[in-house]
Amino acid sequence: RFLVEHTRHLGNWALRIKNARKEDEGLYECQISTHPPQSIFIELRIVEAAAEILEAPDLHIDEGSTLRLECKLKRATESPLYVFWYHEDRMVNYDQEDGISVSTNKLTSSVLTVRNATARHGGNYTCAPANARQSSVYVHVLKGEKPAAMQHPNKSPT
């Protein structure tokens with residue numbers, strides 16, 4: 001994973017780290033073998049890409065309405081090869097069921113749409129990009145009812 005490259009005609013040296021990981025973070029020293037030796041220090045910080053479902057952690061929708069979940073990719077340095085959507089533990093990207101569709105903007109986001117949602121469309125949905133930490137949301141499909149007052153940790157009541 002670690003590769004030192006030298007461009008002879010320019011006199012440049014480079015350290016390349018393939019598939020950099022969080023544990024690769026830290027201070028690196030580049031030293032030139034002169035007399036006296038010269039050094040520069042480089043601090044490497046690894047930024048982890050993450051998915052974010054805008055409607056998380058809970059979304060309430062009325063039965064018969066359209067469920068639309070948008071998953072944004074944050075801090076990614078390249079486009080994901082794929083973005084998979086899961087309902088509970090089942091991938092739904094290629095479902096044949098009418099009304100379910102997934103559209104992905106190659107660079108920044110993916111949208112899952114379910115037209116005419118019913119109670120069976122409720123539950124946990126997860127957006128899982130190839131190159132980022134996944135994100136989940138719990139969808140509640142309401143049948144002619146209003147959600148009760150809800151409290152979430154770290155949020156004050158309104």
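Mapping to UniProt numbering: the sequence shown position 41 is 41, numbers consecutive. Backbone N, C-alpha and C fix where the C-beta goes; we use that ideal spot for every residue, glycine too. In this text, all values refer to a predicted model and were calculated from it rather than measured experimentally.
Coarse secondary structure for residue i, derived from DSSP in three states
i, result
"H121", "helix"
"E55", "coil"
"E43", "strand"
"D95", "coil"
"D24", "helix"
"P157", "Note that P157 has pLDDT 48, beneath the 50 cutoff, so the model's placement of it is unreliable and the number below is only indicative. Coil."
"N105", "strand"
Cβ pair residue i, residue j closer than 7 angstroms
i, j, result
"A51", "A76", "no"
"K72", "S101", "no"
"R1", "N19", "yes"
Burial state of residue i, where buried means 16 or more other Cβ atoms lie within 10 Å
i, result
"G64", "exposed"
"T34", "exposed"
"Q85", "The sequence shown places Trp at residue 85, rather than the Gln named in the question. Flag for W85 reads buried."
"T126", "buried"
"P37", "exposed"
Whole-Å CB distance - residue i paired with residue j, under 8 angstroms assumed
i, j, result
"L69", "H121", "Actually they do not touch by this definition, with Cβ atoms about 11 angstroms apart."
"A130", "Y82", "5 angstroms"
Please determine if the segment 27–46 and the segment 104–124 are in contact, where contact requires at least 3 C-beta pairs separated by less than 8 angstroms. No, they do not touch.
The segment 44–59 touching the segment 90–107, judged by at least three CB pairs closer than 8 angstroms: Using a Cβ-Cβ distance cut-off of 8 angstroms, the segment 44–59 and the segment 90–107 are not in contact, since fewer than three pairs of beta carbons, one from each stretch, lie closer than that value.
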